[in-house]
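Numbering (the working numbering), first residue to last: 59 to 508.
For each residue, glycine too, the CB sits at the ideal point set by N, CA and C.
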Amino acid sequence: MPKEKTHFLCQSCGYISPRWMGKCPECSAWNSFTEEKLKVSPRRRSKAAPGSPVAVGKIERGAEERIRIGIGELRRVLGGGIVYGSAILIGGEPGIGKSTLLLQAVDDICRSGYKSLYISGEESARQIKLRADRLNVTSENLGILTETDLGTIVATIKDYKPQVVVIDSIQTTQTPNSLSPPGSIGQIRECAYELIDFTKREGIALLLVGHVTKEGVIAGPKVLEHMVDTVLYFEGDKNHLYRIVRTVKNRFGPSGEVGIFEMTETGLQEVRDPSRIFLSEKEKATSGSVTTCAVEGTRPLLLEIQALVTNTSYGIPQRVSTGIDTKRLALLLAILEKRGGLAVRNFDVFVNVAGGVKIIEPASDLAVSIAVASNLWDKPFNAKSIAFGEVGLGGEVRSVGRIEERIKEAEKLGFEEIVLPKSNLTGREKKFRIRLTPVSSLQEALERLR
Ligand code: TYD
Ligand code: MG
Numbered sequence: 059m060p061k062e063k064t065h066f067l068c069q070s071c072g073y074i075s076p077r078w079m080g081k082c083p084e085c086s087a088w089n090s091f092t093e094e095k096l097k098v099s100p101r102r103r104s105k106a107a108p109g110s111p112v113a114v115g116k117i118e119r120g121a122e123e124r125i126r127i128g129i130g131e132l133r134r135v136l137g138g139g140i141v142y143g144s145a146i147l148i149g150g151e152p153g154i155g156k157s158t159l160l161l162q163a164v165d166d167i168c169r170s171g172y173k174s175l176y177i178s179g180e181e182s183a184r185q186i187k188l189r190a191d192r193l194n195v196t197s198e199n200l201g202i203l204t205e206t207d208l209g210t211i212v213a214t215i216k217d218y219k220p221q222v223v224v225i226d227s228i229q230t231t232q233t234p235n236s237l238s239p240p241g242s243i244g245q246i247r248e249c250a251y252e253l254i255d256f257t258k259r260e261g262i263a264l265l266l267v268g269h270v271t272k273e274g275v276i277a278g279p280k281v282l283e284h285m286v287d288t289v290l291y292f293e294g295d296k297n298h299l300y301r302i303v304r305t306v307k308n309r310f311g312p313s314g315e316v317g318i319f320e321m322t323e324t325g326l327q328e329v330r331d332p333s334r335i336f337l338s339e340k341e342k343a344t345s346g347s348v349t350t351c352a353v354e355g356t357r358p359l360l361l362e363i364q365a366l367v368t369n370t371s372y373g374i375p376q377r378v379s380t381g382i383d384t385k386r387l388a389l390l391l392a393i394l395e396k397r398g399g400l401a402v403r404n405f406d407v408f409v410n411v412a413g414g415v416k417i418i419e420p421a422s423d424l425a426v427s428i429a430v431a432s433n434l435w436d437k438p439f440n441a442k443s444i445a446f447g448e449v450g451l452g453g454e455v456r457s458v459g460r461i462e463e464r465i466k467e468a469e470k471l472g473f474e475e476i477v478l479p480k481s482n483l484t485g486r487e488k489k490f491r492i493r494l495t496p497v498s499s500l501q502e503a504l505e506r507l508r
């Protein structure tokens, strides 16, 4: 008879402690620990036979087979098609389009002859049918099952023998093997573990939907990120026109890649020329608006940075940003103050990346700094120019990667000038016709604006 033991589990990150704690030492969440019963069986001596290591040079590579996907933006974030037996987690806030994207994806896969099973614990078969009709999903090879019990799910997969399985969502799946309540991190972890273990052995590709809480973590989650091969997140919120899917982790391709979709009446449509679309709403030349070229993953994206600088009405000035890290903005403002001589300390500063894209790389520093100065002085930056470069603490403008892709993208969209780091020039850029204005410091860039 196994004896019962308990431990305490942080519901936000999965940290385990033998005692209850008020604050999680791992993720700093407050009051997040709940008690969990554990089944403990008495330890046995291992009787396993030794494994046989193979010299690395002798291992056969084998072809890494992938399941073809016709949706280009999805293929991009996955780093190609779906690898057999891989587990992919798709996270995002409720209503952002996870179910829509996956239903479209499996339909597309089925059209090339594969068999897929879409298992939903969230919606009834009729609700799924309504969505399928809107999306024009009719594939014969696509099975729909509404089920939350893991045992039934696994038995159905064994019986139906699909190549691709969607679980929508991992939070609604439950197993009697975990003694924690449904939806808790204990359940999520156990279900994900059993599913991944089973599908890997069978060589079935597994797509898991995970809901993300307001704070932007998959509810119950860092644990899941470690268990799967690929993690895709829907970025931003559902009020934006475009849906941006980012690769956060990928064992089979580059991470950081972004896929861009637009939610329409008939589901998610790929955005083929995102730079053009993101810039289509740009006003002529307004103060505080600067176009930059960010490379997210491997793709250059032209994005408009908007800054608004207004008098502070309360004691502490506000610094609000969407699309760039607020700490990065605070740093850039400090550099502008100290090196550029801008008295931003008495002003509220708001910075926004138009279109809802998040810029992770620091190459947008220069554009953000110019946008703030431009709005503060009410001096518009040339609408036919773009700027990029990292800004260092000394106010120096530092070089960035993938320079030729950035120049090409700006040229393609008809820009006439690029303000860029001097240290990036190697002489090879001579082949471009666009005017290049190198700067080595923030002061130099601001001088030009004046
Ligand atoms: P959904 O895929 O259900 O989101 P999630 O699974 O992430 O919770 O997407 C729901 C939203 O998308 C909903 O507000 C309706 C909208 N939508 C469309 O605009 N067009 C469509 O064709 C579909 C299917 C949904
Ligand atoms: Mg859904």
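Please classify THR420: is it buried, with 16 or more other beta-carbons within 10 angstroms of its beta-carbon, or exposed? Note that residue 420 is Pro in the sequence shown, not Thr. Buried, because 16 or more other Cβ atoms sit within 10 Å of the Cβ of PRO420.
If we call anything under 7 Å between Cβ atoms a contact, is GLY346 one with GLN327? In this structure, GLN327 does not lie closer than 7 Å to GLY346 by Cβ.
Please name the residue in GLU502, VAL415 and THR350 whose C-alpha comes closest to that of ILE444. Comparing alpha-carbon positions, the option among GLU502, VAL415 and THR350 lying closest to ILE444 turns out to be THR350.
Pocket of the ligand TYD (residues with CB nearer than 5 Å to any heavy atom), chain order: In chain order, the residues positioned with their C-beta nearer than 5 Å to some heavy atom of the ligand TYD are PRO152, GLY153, ILE154, GLY155, LYS156, SER157, THR158, ARG189, ARG192, MET321 and GLY325.
Which of the three DSSP states, helix, strand or coil, is assigned to VAL114? Here VAL114 sits in helix by DSSP.
Name the DSSP bridge partner or partners of VAL348? DSSP lists ILE363 as partners of VAL348.
Range of the contiguous alpha helix (DSSP H) that encloses SER313: SER313: not part of any alpha helix (DSSP H); DSSP gives it neither H nor E.
Considering only residues of the same chain and omitting the five flanking positions on each side of SER90, which have a CB-CB separation below 7 Å? Counting only Cβ-Cβ distances below 7 Å, and skipping sequence neighbours, we find CYS68, GLN69, SER70 and CYS82.
Specify the secondary structure class of ILE154 as computed by DSSP and reduced to three states. Residue state, collapsed to three classes: coil.
May I have the straight-line CA-CA distance separating ILE531 from LEU132, to the nearest angstrom? Residue coverage of the chain in this structure runs from 59 to 508, which leaves residue 531 outside it and unanswerable.
Sub-7 Å separation of VAL212 and PHE256 beta-carbons: Cβ distance < 7 Å, so VAL212 and PHE256 count as in contact.
Is the beta carbon of ASN482 sitting closer than 7 Å to the one on ILE461? Closer than 7 Å, so yes.
Using CA atoms only, rank isn't needed, just tell me which of VAL270, GLU354 and SER144 is closest to LYS381. The question names Lys, but residue 381 in the sequence shown is Gly. Ranked by how close their Cα comes to the Cα of GLY381, the residues VAL270, GLU354 and SER144 have GLU354 in first place.
How close, in whole Å, do the beta carbons of ILE125 and GLY139 come, if the pair is a contact with beta carbons under 8 Å? Indeed they touch by this definition, with Cβ atoms about 5 Å apart.
Judging by CA-CA distance, which residue of THR322, GLN245, ARG357 and ILE254 is the nearest neighbour of ARG304? It is ARG357.
DSSP three-state call for ASP166: helix, strand or coil? Under the three-state reduction of DSSP, ASP166 is assigned to helix.
Could you name the residues of the same chain whose beta carbon sits closer than 6 Å to that of LYS258, not counting the 5 residues immediately before and after it, in chain order? Taken in chain order, the residues that qualify are GLY143.
Which term fits CYS508, buried or exposed, when burial requires 16 or more other beta carbons within 10 angstroms of its beta carbon? The sequence shown places Arg at residue 508, rather than the Cys named in the question. Exposed, because fewer than 16 other Cβ atoms sit within 10 Å of the Cβ of ARG508.
Does the structure place the stretch 188-205 close enough to the stretch 233-240 that three or more beta carbon pairs sit under 8 Å? No, because fewer than three Cβ pairs between the stretch 233-240 and the stretch 188-205 fall closer than 8 Å, the two stretches do not touch.
Specify the secondary structure class of VAL195 as computed by DSSP and reduced to three states. Judged by DSSP in its simplified three-state form, VAL195 adopts coil rather than helix or strand.
Could you tell me the boundaries of the beta strand (DSSP E) in which GLN327 lies? Annotation: the continuous beta strand (DSSP E) that includes GLN327 extends over 325-328.
Name the one or two DSSP bridge partners that ILE302 has. DSSP lists GLU293 and ILE318 as partners of ILE302.
Span of the beta strand (DSSP E) holding TYR176? First-last of the beta strand (DSSP E) with TYR176: 174-178.
Taking DSSP as the reference, what is the three-state secondary structure of GLU469? In the three-state reduction of the DSSP assignment, GLU469 falls in the helix class.
CA-CA distance, LEU193 and ARG184? For LEU193 and ARG184, the distance between alpha carbons rounds to 14 Å.
What distance in whole Å lies between the Cβ atoms of SER238 and GLU94, which are believed to be in contact at a cut-off of 8 Å? Right, the Cβ-Cβ distance comes to about 5 Å (below 8 Å), so this counts as a contact.
As a quick exercise: from VAL348, GLU339, ILE146 and ASP191, pick the residue whose alpha carbon is nearest that of HIS284. Nearest option by C-alpha distance: ILE146.
Assuming ILE167 contacts VAL222 under a Cβ cut-off of 8 Å, what Cβ separation, rounded to an integer in Å, is found between them? Contact flag correct, Cβ pair sits at about 6 Å.
LEU391 and VAL402 - do their beta-carbons sit closer together than 7 Å? Yes.
Would the beta-carbon of LEU504 fall within 7 Å of that of ALA431? Contact flag set, yes.
Given GLU515 as reference, the closest of GLY485, SER422, GLY209 and LEU160 once Cα atoms are compared: Since the first residue shown for the chain is 59 and the last is 508, residue 515 is missing from the structure and cannot be characterised.
Which residues in the same chain as GLU123 place their Cβ atom closer than 6 Å to its Cβ, once the five residues preceding and following it in sequence are excluded? Annotation for GLU123: TYR142 place their beta carbon closer than 6 Å to its own, counting only its chain and skipping 5 residues before and after.
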